[in-house]
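Chains as they are written, first to last, in the numbering used here: chain H, 14 to 142; chain S, 27 to 629.
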Ligand code: SF4
Ligand code: SF4
Ligand code: SF4
């Protein structure tokens, strides 16, 4: 689980680059599972799946493409990109793969939590549970 | 050819014909000039005819990224704008962080080259490979903040660079602003204005590809570590921003006061980096992939400017709207920097110019009738009033907005003597009478009076193992090698500040792993490329008719002395240093690169 502290975030967006590299071996924030929404001058919002208890997304999927096993897993074949999971998220999470249009979810980088170790401001941390 | 790090594409846009064309980047160009400043210099040297009117349709504006721009290398968010400067009539490159460079790279271009002049005000919209020239009728007369907002309302998540009212009027101190960051110095905003180009808006969704993934990630990790453990980049600069040096510079007696008539501001109890950190800074902000986060969001909580805010204030502005004008109200400084961003003005030059006008007033060369109000050093209101006049292009502001060299020519009466500029560009916040190397750096900077080609003060007064500030020894060598190194840094897409911490080996390690270009895997080669670039901008300037007499300092710094402080009694022994500098550079006594040097550099 990721614990985020928007107030510490400097808006450097390194996490977006690192997340895309971790999964695609190239730099492209549009393929990342984390996103910074900045409102100038001083508001940064870290958008990432919280791996929350409600798991409303899993319940909302009409194709049963989602499951939860420490993080939200997407069955790419079953998913038709309808986006009902994202609509159901209580945190307003909304990221999709720019090529496929299907939602993307933080997979903890197989337990490595790359963005956590790279974030220079320690705005993203690994939670206890 | 398959490119890594680079996109391999250059986007040429002609505003006269409304056409655009994508050309390939040549491998040879990348190997010889890297990108950023170097690439822009190679393009401009080839395409721009000598004698071109900087504000005419034939001037060219290059927006160039470096190979590292848009990657997670620490501070790799930077890019340059290069053109022929309307302020100096010479070479200009102006560097900016933020996120525009990353977006241009992801849109698929290493550089945009803008030529010609639009018939009506326009903006350029780039959405990956879609390029459009759109009417800017709805943006005319808007400040840069409104321009950003309107463009985002129409086009969603785009990154913007634009001019404000000053650029539209083609005032020579006009900057290009990108999200409260500036391509500040040298009047690039006026060139945009002369092309009827109000803004560019860019959206890029493509990937930056990496040649040797594992090596690149390791090198980047190492570089991050280096930046984090460095006491400047990982400590003071992160905590205080660029103001980390404020007290040190004052103590050394090289913080210019009231247009360089004193060297230490006597208001250290009300204006210093600690007060800024504790009372004004509200949040640390960073450019793309930058761990230093030297940018500080500041809010004024009391006094006349209560509620005003800025992303800043930077050290240079703490000076230009502080000691330079005799003002110690931090609130006013914060608002002044905000206004410069809004109008699209170079905040260093503007403060310098107001200080110049204050001295003119003090000496009776500009009268209250001519200005419209008394303009005394230390009069905060009069300073703000003059800044507004510059932003609006009204009254005395109209004249000052063209820079101190031009203003002094118009005013006459000997005022050139206290116009503090080199080659037409206003000097920033260091008095070289207490740091001789800085004098040489100013005099030989390729774009005029600027501290960002070489910054000897770091060694002369800020560093523990320092050079003697009052000696000429090693200064020429130091300035030359730093000019070369920084030319390379400005060309790869890194921030100058990161280069304080990173080793050459780390830089070229990242560069070669990213691009897969073996020639770039040598620190020596990187410095040689930097030297090539610095010689090329020199050739550019010589071609425009510049000669050795321009490698000079304002008379005040050579003949007048301070009465008090560490620099009392001292003037800059410039001639000696210049001679040595030419010798080391292999430039002849006229300041011209010798054939042997050019041959050696492949120019
Ligand atoms: S890496 Fe950290 S500081 Fe930078 S944008 Fe991401 S969360 Fe914010
Ligand atoms: S997407 Fe939203 S609802 Fe689903 S687990 Fe993540 S935070 Fe919870
Ligand atoms: S933990 Fe990994 S997958 Fe999850 S947001 Fe961070 S980098 Fe992306």
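Glycine included, every Cβ here is placed at the ideal spot set by N, Cα and C.
Where does residue i fall in DSSP's three states?
i                     : result
residue 138 (chain H) : strand
residue 240 (chain S) : helix
residue 70 (chain H)  : helix
residue 91 (chain S)  : strand
residue 45 (chain S)  : strand
residue 212 (chain H) : This structure gives no information on residue 212 (chain H), because the portion of chain H shown stretches from 14 to 142.
residue 397 (chain S) : helix
residue 117 (chain S) : strand
residue 122 (chain S) : strand
residue 313 (chain S) : coil
residue 569 (chain S) : helix
residue 141 (chain S) : strand
residue 97 (chain S)  : coil
residue 270 (chain S) : helix
residue 98 (chain H)  : helix
residue 34 (chain H)  : helix
residue 153 (chain S) : strand
residue 554 (chain S) : helix
residue 307 (chain S) : strand
residue 596 (chain S) : coil
residue 481 (chain S) : coil
residue 132 (chain H) : coil
residue 529 (chain S) : coil
residue 544 (chain S) : helix
residue 131 (chain S) : helix
residue 209 (chain S) : strand
residue 368 (chain S) : helix
What in chain H is Cβ-close to residue i, meaning under 8 Å?
i                     : result
residue 206 (chain S) : 53, 54
residue 202 (chain S) : In chain order: nothing, as chain H lies at least about 17 Å away.
residue 234 (chain S) : 39, 40, 41
residue 315 (chain S) : 25, 26, 27, 30
residue 323 (chain S) : 54, 55
Starting from the beta carbon of residue i, find every residue of chain H whose beta carbon is closer than 7 Å, and list them in chain order.
i                     : result
residue 192 (chain S) : Simply none; closest approach about 21 Å.
residue 335 (chain S) : 54
residue 257 (chain S) : Chain H residues near residue 257 (chain S): none, gap ~16 Å exceeds 7 Å.
Look at the Cβ atom of residue i, then the Cβ atom of residue j, and state whether they are nearer than 8 Å.
i                     : j                     : result
residue 311 (chain S) : residue 96 (chain H)  : no
residue 231 (chain S) : residue 37 (chain H)  : no
residue 32 (chain H)  : residue 45 (chain H)  : yes
residue 229 (chain S) : residue 153 (chain S) : yes
residue 99 (chain H)  : residue 87 (chain H)  : no
residue 320 (chain S) : residue 263 (chain S) : yes
residue 364 (chain S) : residue 190 (chain S) : no
Give the residues of chain S in contact with residue i, contact being defined as C-beta atoms less than 9 Å apart.
i                     : result
residue 134 (chain H) : 310, 312, 317, 319
Could you name the residues of chain S that residue i contacts, counting a contact when the two beta carbons are closer than 7 Å?
i                     : result
residue 111 (chain H) : 231
How would you list, in chain order, the residues of chain H whose beta-carbon sits under 9 Å from the beta-carbon of residue i?
i                     : result
residue 239 (chain S) : 34, 38, 39
Pairing CB atoms from the stretch 453–466 of chain S with CB atoms from the stretch 480–499 of chain S, are three or more of them under 8 Å? Contact between the stretch 453–466 of chain S and the stretch 480–499 of chain S is present, with at least three C-beta pairs closer than 8 Å.
Sufficient close CB pairs (3 or more, under 8 Å) joining the stretch 98–105 of chain S to the stretch 147–164 of chain S: Taking 8 Å as the limit for Cβ pairs, the verdict is that the stretch 147–164 of chain S does not touch the stretch 98–105 of chain S.
Residues, ordered as in the chain, of the stretch 96–111 of chain S that lie near chain H by beta-carbon distance below 9 Å: Hits within the stretch, in order: 96, 97, 98, 100, 103.
Does the stretch 227–244 of chain S come within contact of the stretch 286–293 of chain S, defined as at least 3 CB pairs closer than 8 Å? Flag = no, the stretch 227–244 of chain S and the stretch 286–293 of chain S do not touch.
Measuring CB atoms only, is the stretch 440–447 of chain S touching the stretch 374–394 of chain S, in the sense that at least three cross pairs come out at less than 8 Å? Cβ pair count under 8 Å is three or more, so yes.
Report the residues of the stretch 21–40 of chain H with a CB closer than 8 Å to any CB of chain S, ordered along the chain. Using a CB distance below 8 Å, the part of the stretch 21–40 of chain H facing chain S consists of 23, 24, 25, 26, 27, 30, 31, 33, 34, 37, 38, 39, 40, ordered along the chain.
What residues come near ligand 4, if near means a beta carbon less than 6 Å from any of its heavy atoms? Absence of ligand 4 is noted for the structure shown, with ligand 1, ligand 2 and ligand 3 being the only ligands found.
Is the stretch 530–538 of chain S in contact with the stretch 72–83 of chain S, if contact means three or more CB pairs nearer than 8 Å? Counting C-beta pairs closer than 8 Å gives fewer than three between the stretch 530–538 of chain S and the stretch 72–83 of chain S, which falls short of the contact rule.
Report the residues of the stretch 351–378 of chain S with a CB closer than 7 Å to any CB of chain H, ordered along the chain. Taking 7 Å as the Cβ-Cβ cut-off, the stretch 351–378 of chain S has no residue approaching chain H.
By the 7 Å beta-carbon criterion, what residues does the stretch 262–275 of chain S contribute toward chain H? Taking 7 Å as the cut-off between beta carbons, none of the residues of the stretch 262–275 of chain S comes near chain H.
Evaluate the contact criterion for the stretch 201–209 of chain S versus the stretch 385–404 of chain S: three or more CB pairs, one atom per stretch, below 8 Å. When C-beta atoms of the stretch 201–209 of chain S are compared with those of the stretch 385–404 of chain S, fewer than three pairs fall below 8 Å, so the two segments do not count as touching.
Below 8 Å, how does it come out for the stretch 394–404 of chain S and the stretch 160–180 of chain S: are there three or more Cβ pairs, yes or no? Touching, no.
Within the chosen definition, does the stretch 279–288 of chain S reach the stretch 208–224 of chain S through at least 3 CB pairs nearer than 8 Å? Between the stretch 279–288 of chain S and the stretch 208–224 of chain S, the count of Cβ pairs shorter than 8 Å is below three; the stretches do not touch.
Any contact of the stretch 482–493 of chain S with the stretch 567–585 of chain S, i.e. 3+ C-beta pairs under 8 Å? Flag = no, the stretch 482–493 of chain S and the stretch 567–585 of chain S do not touch.
Counting pairs of Cβ atoms below 8 Å between the stretch 264–276 of chain S and the stretch 535–548 of chain S, do you hit three or more? The stretch 264–276 of chain S vs the stretch 535–548 of chain S: no contact.
Three or more C-beta pairs under 8 Å: does that hold for the stretch 44–52 of chain S against the stretch 81–97 of chain S? Taking one beta carbon from each stretch, the stretch 44–52 of chain S and the stretch 81–97 of chain S have fewer than 3 pairs nearer than 8 Å; the two do not touch.
Report yes or no: do three or more beta-carbon pairs, one from the stretch 547–555 of chain S and one from the stretch 153–162 of chain S, lie closer than 8 Å? Between the stretch 547–555 of chain S and the stretch 153–162 of chain S there are fewer than three inter-stretch CB-CB distances shorter than 8 Å, so the stretches are not counted as touching.
Whether or not the stretch 113–121 of chain S and the stretch 163–172 of chain S are in contact is what I'm after, with contact meaning three or more pairs of Cβ atoms, one per stretch, closer than 8 Å; do they touch? Counting Cβ pairs under 8 Å, fewer than three are found: no touch.
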